[in-house]
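Q:
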Amino acid sequence: MFRQCSTAVLLLLTLTGCSQKFNDVNNTVNLAFFGDKDVSLSTEEINKLPYASMYARVDDGPQAFMVLAFAEDRATLGLTDVAGFSASSSPKPQRTQLKWVSADKGMLITENGRIVKTLNLPSGNLVSSHSKQTDPLALGLHLATTPTHWQHAIDWQPGYHLGYPVNSEFTFIADEILDINGTTQPTKHYIERIFIPTLDIEFDNHWWIDPSNGAVIKSKQKLAPNLPYIELILLKPFA
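The numbering of the sequence shown is this note's numbering, which starts it at -6 and goes up by one.
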């Protein structure tokens, strides 16, 4: 089932004003997602918008503003948790894919704060992230009962990188206070150590979690070994 925020792309285009800088469509595509400078809205402006929103930054590039275009409820049938219980014998958290867009029609698709797919990114795209285990982010990293190990697989482009197994281990770092658009937010900071055994590659993802409900407030995620880090800061959550 889809719930669409109409005019989301046009709204972002108006906010950034990027399309007026180039006549060439291809250049506009690159600029609209990455921007030529940081985009920053006031708390009042963000609260007035009828859409969920977030900031996104690719590697050390400028900060972009993205809005939620679609929310798609996903079936949990067939998922198993780390202990091996099937979806029919153990309650599962709802899987909702949130699809965030920029003016150039670039899209980030997230589940429980994790980027699971991207579209139209100039440097390459995460095609899929899939697992038979429930992502600990969905269970809530702040809970003592949540497993700290997870296995999944990823596909990415450019090239034909399909089904690479990924092992994750989550470690709590510290309680931290974030300043998000002038608002103080207590968080729990976790590091996710990523290991891709077939390539012998390791890297870290960072997660800042709301201690009251486990929601991801901020993250720094590497999409795949030869794709960039993307930093996300949640401004207005999807409800």
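C-beta atoms are modelled at their ideal positions from N, C-alpha and C, and glycine is treated no differently.
Tell me the rounded alpha-carbon separation between Thr180 and Ala167.
A: Thr180 and Ala167: Cα-Cα distance of roughly 9 Å.
Q: Distance check for Pro190 and Leu228, CA to CA, integer angstroms please.
A: Those two C-alpha atoms are separated by around 35 Å.
Q: To which residues of the same chain is Ser82 closer than 7 Å at the C-beta, ignoring the five residues directly before and after it?
A: Caution applies to Ser82, whose pLDDT of 36 falls short of 50 and renders its modelled position unreliable; the value that the coordinates give is listed next. None.
Q: Cα-Cα, which of Asp148, Asn160, Gln178 is closest to Ser205?
A: Comparing Cα-Cα distances from Ser205 to each of Asp148, Asn160, Gln178, the minimum goes to Gln178.
Q: Please report the Cβ distance between Ser116 and Pro221, rounded to the nearest whole angstrom; I am assuming they are in contact, meaning their Cβ atoms lie under 8 Å.
A: The Cβ separation is near 6 Å, so the contact holds.
Q: At the level of alpha carbons, what is the spacing between Leu34 and Leu225?
A: If I take the Cα positions, the gap works out to 15 Å.
Q: Do Ala49 and Ile223 have their C-beta atoms within less than 8 Å of each other?
A: Yes, these two residues count as a Cβ contact at 8 Å.
Q: Would you mind listing the alpha helix (DSSP H) stretches within the stretch 82 to 143 that are 4+ residues and don't spill past its ends, in chain order?
A: Whole alpha helix (DSSP H) segments, 4+ residues: 129 to 132.
Q: Which partner residues does Thr164 have in the DSSP bridge list?
A: For Thr164, which the question treats as bridged, DSSP gives the partners Ile184.
Q: Please state whether the Cβ-Cβ distance between Thr141 and Pro129 is less than 8 Å.
A: The answer is yes: Cβ separation under 8 Å.
Q: How many Å lie between Leu171 and Ile194 at the Cα?
A: Going from the Cα of Leu171 to the Cα of Ile194 covers about 30 Å.
Q: Return the chain-ordered list of same chain residues with a C-beta closer than 7 Å to the C-beta of Phe163, the five sequence neighbours on each side being excluded.
A: Only Pro129, Leu134, Thr141, Tyr183, Glu185 meet the Cβ criterion.
Q: Please check the pair Arg67 and Arg88, which I expect to be a contact at CB under 8 Å, by giving their CB distance rounded to whole angstroms.
A: 4 Å between Cβ atoms; contact.
Q: What would DSSP say about Thr36, mapped onto helix, strand or coil?
A: Thr36 falls in the helix class under three-state DSSP.
Q: Please confirm whether Ser212 and Ile187 have their CB atoms less than 8 Å apart.
A: No, the pair does not count as a contact, with Cβ atoms beyond the cut-off.
Q: Residues in the same chain with beta-carbon distance under 7 Å from Pro218, minus the five sequence neighbours each way, listed in chain order, please.
A: So the qualifying residues of the chain are Ile189, Leu192, Ile194.
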